[in-house]
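When you number the sequence shown by numbering that gives the first Met the number 0, it's gap-free, plus one each residue, and the end is 651.
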Amino acid sequence: MLPFLPLLLGSSNLFWPSQVVKSLETLSKGPLYSKVDSGELLFNAISHIRDSLALPSLQPVAPFAHGGYALFFDELISRAEASKWFEEVVPALANLLLRLPSLLESHYQDADYLFNGVRTGLRLLGSQEAGIVFLGQELVAALLTCAFFCLFPVSDRGSKRLPTINFDHLFEYVTFSFLFSPLLLRDIYESYSKKQENKIKCIMHYFERICSSMPEGFVSFERKVLPLEQLPLCVSYPEADFWSKSVVSLCPFEVHSSGFIEDQSNGALEVDFANKYLGGGALRSGCLQEEIRFMISPELIAGMLFLPCMEDNEAIEIVGAERFSNYTGYASSFCFSGDHVDKRNVDGFRRCKTRIVAIDALCRAGMRQYKCTYLLRYVKFGFPVPHRLAYGIERKIVCLSFYMASLPKYATCETDGSLSCRTVRIYVQSDCPGGFLVDFVNFSESYSFGFGREANKAFCGFLDQSNCDHHKSLFQDGGSQGSQCMETDKDTNVVVKDFPVRSPPMDEAPSTSVEIAMNRGEYINQVIRYSDKKGSWCLDLEDKIGIATGNWGCGAFGGDPELKTMIQWLAASQAARPSVSYYTFGIKSLQNLNQVSRWILSHEWTVGDLWNMLVEYSSRRFNKETNLGFFAWLLPTLFAHDAKMSNLTSTP
């Protein structure tokens, strides 16, 4: 982690260079001593500290960041607010930075003792590395102060697929309305600047709060992974028939036509409609659901320091991030609206009981969201290397066709000839430059496209691996699928599409809740002893944690709201979540969601039943056999009745 921190490592401790210490001590004494009482002078002080670090990986700040700091503190906030900042907040932040080395040393001393030796210390949680990092809120505040001062080295972050972390771009975008004011784009950039200004106000308010009263709890950041290979202590990435054969009952589903996910009070796991790079455009110009959440709860930004982008079988769960700000509006109308006091209880690990899971949806979904295609593949490379011991490297391949097209001219490839091939053998000639001789590569990494990918992504986020035994008891094949039936619902006289009726499992009875509870303690001990690259940890033994979600991937990413609603429902049900609270944000296509979900529940559909209906509908939609939404396609008479009533009420 050291290459990504601005500190130096001595023989036994972390430290700031002496010139940095001198600059921070000067700032800590206030503007009468430091002479830093404006945004322009603050940026000059930041630049001086950056120069004193003398780190080769500390690249120049964004070109217009200087103007952004000056504009925000000298013109966009009142003189009284600016005076408070320079007299109280800046000195406190300088003192916090001076404590950063000792905070980190204390953190690493204690990190491995939280869970019987399981690693919880600050480190890079790379791709396919299930693991968790526990950070004290004071350490989080110090790291965010580093970001505000633009002190994190960034040159190696791209190669590690890490998101933006310094705040220079955040401030840079504030200047654009002024730079473009003479042009026809002035109105666009003025609204652009307003939202950016209010994003910064949220973060500045966070700094004011922590400088007046430092919180003493913890925040945890967990990379959740559905292993691509079969492991004894984990639920693995679902294969092609996983969903269609599921006999798990759909969980209760509650529809909210108003309100926001972050305002729910049931302790549910709240869904972050994430970019694959955690935080998305939070530290740039973005201002959608994820970015707003990161502004009102800035401790989430700390995860951007050490969590590389998510793969299709990964999610990120963050517990304990406190909310500090209220807001109104969305996107260009976003506006900071004052202080928020988070009154949620804390758990046994001193984390605020706010649970957030980041899952990234299919980007630019289009018609491919209606495809359900699976390529099953694992990749293992064996390299006999001259003068060195042979070693193995695991590697992910984005797409089979891409990989085959990129083979070097010295290599040949053989497959079984099918698109969903299980094995690929790659031969490299002995005269390959560098002397590498690759005997073969076995290929079998799980991957999916379309709504199959989305279901697996949501399942990864919603699943609690600590309940592995319980989940695996649910994954048993439930018997034959039954016949296609039910053309008319006799109770409601609503015509519906044919759907599969399951037969109850005959080979074994499901585990009782008592049996599950008795086995759970031993399982947790096993997982804690398991390698942190393949395990997950039960960090909160409370049950009945539902899902609070909404229109995931349905805005800029172009997802179908009706399809995404059903996908999240079946994923939450399969993950044994007790309920889903769905916030529609008032979009028209979901106005009948409550009726549809109640109808489905009244007919006791299983996850497999709903999945198979989605497969049939998506196939028809993809092949342009229907243009109806899923709800109207599923319950045509109900929607025909609604359309008739709508026409009657609109007739003069």
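Even glycine gets a Cβ: it sits at the ideal position worked out from N, Cα and C.
Assuming V247 contacts I546 (C-beta within less than 8 Å), just tell me the rounded distance between them. Against the sequence shown, residue 247 aligns to sequence position 248. Against the sequence shown, residue 546 aligns to sequence position 547. In fact, because the Cβ distance is near 15 Å, the residues do not count as touching under 8 Å.
Under three-state DSSP, which class holds T548? Position 549 of the sequence shown, counting from 1, holds the residue named residue 548. Here T548 sits in strand by DSSP.
Candidates S37, E86, D50, F220: closest to F151 by CA position: If you number the sequence shown from 1, residue 151 lands on position 152. That would be D50, whose Cα lies nearest to the Cα of F151.
Would V157 be called buried (16 or more neighbouring beta carbons within 10 Å of its own) or exposed? Taking the first residue of the sequence shown as position 1, residue 157 is located at position 158. Note on residue identity: the sequence assigns Gly, not Val, to residue 157. With fewer than 16 Cβ atoms within 10 Å of its Cβ, G157 is classed as exposed.
Please return the same chain residues whose Cβ sits closer than 6 Å to the Cβ of W15, not counting the five positions on each side in sequence. Working through the sequence shown from its first residue, we reach residue 15 at position 16. The beta carbon of W15 sits closer than 6 Å to none of the beta carbons in its chain outside the five residues before and after it.
Quick check on the DSSP output: the alpha helix (DSSP H) that includes I654 runs from which residue to which? Residue 654 is absent from the structure shown; the chain starts at 0 and stops at 651.
Any idea if L637 is buried or exposed, counting beta-carbon neighbours within 10 angstroms, 16 or more meaning buried? As a working note, residue 637 is residue 638 in the sequence shown. That one is buried.
Exposed unless 16 or more other CB atoms sit within 10 angstroms - verdict on D463: On the sequence shown, residue 463 is found 464 positions in, with the first residue counted as 1. The residue in question, D463, is buried, as its Cβ has 16 or more Cβ neighbours within 10 Å.
With three or more C-beta pairs closer than 8 Å as the rule, is the segment 220-238 touching the segment 596-604? no
Find out if the Cβ-Cβ distance for the pair P5, L52 is shorter than 7 Å. Taking the first residue of the sequence shown as position 1, residue 5 is located at position 6. Taking the first residue of the sequence shown as position 1, residue 52 is located at position 53. Closer than 7 Å, so yes.
Roughly how many angstroms separate the alpha carbons of N344 and L75, rounded to a whole number? Here residue 344 corresponds to residue number 345 of the sequence shown, with the count starting at 1. Here residue 75 corresponds to residue number 76 of the sequence shown, with the count starting at 1. C-alpha separation (whole angstroms): 36 Å.
Take the Cβ of L388 as the centre, count every other Cβ of all protein chains shown within 10 Å, and call the residue buried at 16 or more, exposed below. Within the sequence shown, residue 388 is the residue found at index 389, counting from 1. At L388 the pLDDT is 25, less than 50, meaning the model places this residue with poor confidence and gives no usable figure here.
Drop a sphere of 10 angstroms on the beta-carbon of C149, count the other beta-carbons inside from all chains shown, and report buried for 16 or more, exposed for fewer. The residue labelled residue 149 in the question sits at position 150 within the sequence shown. The residue in question, C149, is buried, as its Cβ has 16 or more Cβ neighbours within 10 Å.
State yes or no: is the beta carbon of S56 nearer than 7 Å to at least one beta carbon in chain E? No chain E is part of this structure, which consists of one protein chain only.
Have a look at R620 and L589 and give me their C-alpha separation to the nearest angstrom. As a first step, residue 620 must be located in the sequence shown, where it is residue number 621. As a first step, residue 589 must be located in the sequence shown, where it is residue number 590. C-alpha separation (whole angstroms): 18 Å.
When DSSP labels each residue in this structure, what does I164 get in the three-state scheme? Indexing the sequence shown from 1 puts residue 164 at position 165. Of the three classes helix, strand and coil, the one that applies to I164 here is coil, per DSSP.
F348 to F217, Cα distance in whole Å? Position 349 of the sequence shown, counted from the start, is the residue given in the question as residue 348. Position 218 of the sequence shown, counted from the start, is the residue given in the question as residue 217. Going from the Cα of F348 to the Cα of F217 covers about 7 Å.
Tell me the DSSP bridge mates of L7? As a working note, residue 7 is residue 8 in the sequence shown. For L7, which the question treats as bridged, DSSP gives the partners F14.
Helix, strand or coil, according to DSSP, for H255 in the structure here? Here residue 255 refers to the residue found at position 256 when the sequence shown is read from its first residue. Correct three-state label for H255: strand.
May I ask you to report which of helix, strand or coil DSSP gives R363? To locate residue 363, count along the sequence shown from 1; it is residue 364. Residue state, collapsed to three classes: coil.
Sort out for me which residues DSSP pairs A357 with in a bridge. One-based indexing of the sequence shown puts residue 357 at position 358. Paired residues: D271, I315.
Straight-line gap, D608 to S243 (C-alpha atoms, nearest Å): Taking the sequence shown and counting its residues from 1, one reaches residue 608 at position 609. Taking the sequence shown and counting its residues from 1, one reaches residue 243 at position 244. Rounded to the nearest angstrom, the two C-alpha atoms are 7 Å apart.
Note down, in chain order, each residue of its chain lying with its Cβ closer than 8 Å to the Cβ of H47, except the 5 sequence neighbours on either side. Locating residue 47 in the sequence shown gives position 48, counting from the first residue. S22, listed in sequence order.
N582 classed as buried or exposed, judged by whether at least 16 other C-beta atoms fall within 10 angstroms: On the sequence shown, residue 582 is found 583 positions in, with the first residue counted as 1. Checking the sequence shown, residue 582 turns out to be Tyr, not Asn. Here Y582 is buried: its Cβ has 16 or more other Cβ atoms, across all protein chains shown, within 10 Å.
A146 beta carbon less than 7 Å from that of F166: Taking the sequence shown and counting its residues from 1, one reaches residue 166 at position 167. Taking the sequence shown and counting its residues from 1, one reaches residue 146 at position 147. Against a cut-off of 7 Å, the Cβ pair of A146 and F166 comes out as a contact.
Give the single residue among D311, P214, N197 whose Cα lies nearest to the Cα of G337. To locate residue 337, count along the sequence shown from 1; it is residue 338. Of the listed residues, the one whose Cα sits closest to G337 is N197.
Taking 8 Å as the threshold, find out whether the segment 62-77 comes into contact with the segment 90-97 through three or more Cβ pairs. no
How many angstroms separate the CA atom of L8 from the CA atom of W551? The residue given as residue 8 occupies position 9 in the sequence shown. The residue given as residue 551 occupies position 552 in the sequence shown. A direct Cα-Cα distance of roughly 43 Å separates L8 from W551.
Do E221 and I300 have their C-beta atoms closer together than 7 Å? In the sequence shown, counting from the first residue as 1, residue 221 sits at position 222. In the sequence shown, counting from the first residue as 1, residue 300 sits at position 301. For E221 and I300, no; Cβs fall outside 7 Å.
Determine the burial state of K342: buried for a count of at least 16 other Cβ atoms within 10 Å of its Cβ, exposed for fewer. As a first step, residue 342 must be located in the sequence shown, where it is residue number 343. Its Cβ having fewer than 16 others within 10 Å, K342 is exposed.
In the structure shown, what three-state DSSP assignment does N94 receive? As a working mapping, residue 94 is identified with position 95 in the sequence shown. It is helical.
Count Cβ pairs between the segment 194-210 and the segment 273-280 that sit closer than 8 Å; are there 3 or more? Between the segment 194-210 and the segment 273-280, the count of Cβ pairs shorter than 8 Å is below three; the stretches do not touch.
Using only the alpha-carbon positions, how far apart do T174 and E39 sit? Residue 174 sits at position 175 when you count from the first residue of the sequence shown. Residue 39 sits at position 40 when you count from the first residue of the sequence shown. Approximately 13 Å between the Cα atoms of the pair.
Provide the residue span of the alpha helix (DSSP H) that contains V139, from first to last. Taking the sequence shown and counting its residues from 1, one reaches residue 139 at position 140. Segment 136-147, the alpha helix (DSSP H) holding V139.
Can you tell me whether S17 is buried or exposed, with buried defined as 16 or more other CB within 10 angstroms of its CB? Position 18 of the sequence shown, counting from 1, holds the residue named residue 17. Classification for S17: exposed.
With the cut-off set at 7 Å, would you say A357 and F461 are in Cβ contact? One-based indexing of the sequence shown puts residue 357 at position 358. One-based indexing of the sequence shown puts residue 461 at position 462. In this structure, F461 does not lie closer than 7 Å to A357 by Cβ.
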